[in-house]
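Notes follow the structure.
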Amino acid sequence: MATENKNLSNYDKNTIPNAKDFRFGIVVSEWNEEVTEGLYNGAFSALTDCGALPENIIRWNVPGSFELIFGARQMHEKLELDAVIVIGCVIKGETMHFEFVCEGVTQGMKDLNLLYDVPTIFCVLTDNNMQQSLDRSGGKHGNKGVEAAIAAIKMVDLNRK
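Counting in the UniProt record's numbering, the sequence shown runs from 1 upward without gaps.
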């Protein structure tokens, strides 16, 4: 397990560009809401901690993780943003649904990064059980939402160079 011995919420604010002038879109899946809300709260907190203004963080909800692709595309096309973060959680079940959703969302996010000059940041947990997701959305392994926010800030900075 890649995150077993690393708290994902640790970052050195002194090494992160100031996000005061950046605009972010965050698309959040309503499925596995306990997890996705934790991820969103982590991302929002990290963005504002690094200088982003709350009014420059736009949130849209979509029903599930597969719908993140469409939501992110709509943000890219309708809003003037510097980065879009997609937040979701897919937990493995007894059928192949997990594999199809995970593959589709991953490929969709890759496609958005190829189509638009604004980065799309992938924050979709793909875990074997709910406890693993809780551990990565504010639990013992920190918060992947924080990691996504820091990645978004760094990618905006890179994109502006």
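The beta carbon of each residue, even a glycine, is placed where N, CA and C say it ideally should be.
Predicted, not measured: the structure shown is a model, and the values here were computed from it.
Exercise. Tell me where the alpha helix (DSSP H) around residue 145 begins and ends.
Key: 144–160
Quiz prompt | residue 1 versus residue 150: straight-line alpha-carbon distance, rounded | solution = Unreliable positioning characterises residue 1 in this predicted model, as indicated by a pLDDT of 43, which lies under 50. A coordinate reading is not provided.
Quiz item: Do you know offhand how far residue 50's Cα is from residue 78's?
Solution: 25 Å
Quiz item: How long is the line joining the alpha carbons of residue 67 and residue 115, rounded to whole angstroms?
Solution: 17 Å
Exercise. State yes or no: is the C-beta of residue 124 within less than 8 Å of the C-beta of residue 84?
Key: no
Quiz prompt | Burial state of residue 22 (16 or more Cβ within 10 Å) | solution = buried
Exercise. Tell whether a beta-carbon distance below 8 Å holds between residue 17 and residue 157.
Key: yes
Practice problem: Leaving out five residues on either side along the sequence, give the residues of the same chain with a beta carbon under 8 Å from the beta carbon of residue 20. | Solution: 51, 52, 53
Quiz item: Looking only at DSSP bridge pairs, what is residue 125 linked to?
Solution: 89
Self-check item: Own chain, CB closer than 8 Å to residue 172, minus 5 neighbours either side, in chain order
Solution: As shown, the chain starts at 1 and ends at 161. That puts residue 172 outside it, with no answer to give.
Practice problem: Check residue 59 in the structure and name its three-state DSSP category. | Solution: strand
Quiz item: residue 24 bridges to which residues according to DSSP?
Solution: 57, 83
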